[in-house]
Amino acid sequence: MAGETDLAKLLATMAPVLFPQTYVYCTVPHDEAQRYMTLEPLATYREDEGVTLILEQPAADAAGLSYGPLLRRITLNVHSALEAVGLTAAVATALTREGISANVVAAYYHDHIFVPEADAERALEALRALSPA
-10 MAGETDLAKL LATMAPVLFP QTYVYCTVPH DEAQRYMTLE PLATYREDEG VTLILEQPAA
50 DAAGLSYGPL LRRITLNVHS ALEAVGLTAA VATALTREGI SANVVAAYYH DHIFVPEADA
110 ERALEALRAL SPA
């Protein structure tokens, strides 16, 4: 099933949803990563320096992992094609105007934006403003 590539359609139908969970980014050495899979990370990414885990904060706390800022997840509920042009830029521009940092994770079906917990509601409103009423 192919995703949408038309930017106007993507913006009009992105239907952003803010999730209640608090997420954190953690990193672990490559040779230890497998033992943390029981924490059910939302996402992982293998980099030269180690494996990044995106975890719910309670799971990271229970495992004794250190992490940076507390984040909330906003999912864009439109099936964007991986080759779509402009969606990430439009989202980043809207959030930049509000002074909100964003970490974007593109998965097969949807894009997920992790924003600082304190800015989550403002971020959601900024993204909703991108869609025509």
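106 is the number that my numbering gives to position 117 of the sequence shown; each next residue is one higher, with no gaps.
Every residue gets a Cβ at the ideal spot worked out from N, C-alpha and C, and that includes glycine.
Let me make sure I understand the geometry here. Which of the options has the alpha-carbon closest to that of residue i?
i: residue 120; options: 89, 14, 101, 76; result: 76
i: residue 115; options: 59, 4, 45; result: 4
i: residue 95; options: 32, 1, 7, -5; result: 32
i: residue 35; options: 98, -2, 23; result: 23
i: residue -1; options: 67, 30, 27, 117; result: 67
Per DSSP, which one or two residues make a beta bridge with residue i?
i: residue 103; result: 62, 92
i: residue 32; result: 43
Mind checking residue i: buried by the 16 CB within 10 Å criterion, or exposed?
i: residue 19; result: exposed
i: residue 50; result: exposed
i: residue 40; result: buried
i: residue 37; result: exposed
Should residue i and residue j be called a contact, given that it needs their Cβ atoms to be closer than 9 Å?
i: residue 102; j: residue 64; result: yes
i: residue 196; j: residue 44; result: This structure gives no information on residue 196, because the portion of the chain shown stretches from -10 to 122.
i: residue 105; j: residue 59; result: yes
Does DSSP put residue i in a helix, in a strand, or in coil?
i: residue 6; result: strand
i: residue 98; result: coil
Does residue i come within less than 9 Å of chain B when only Cβ atoms are used?
i: residue 43; result: Included in the structure is just one protein chain, with no chain B present.
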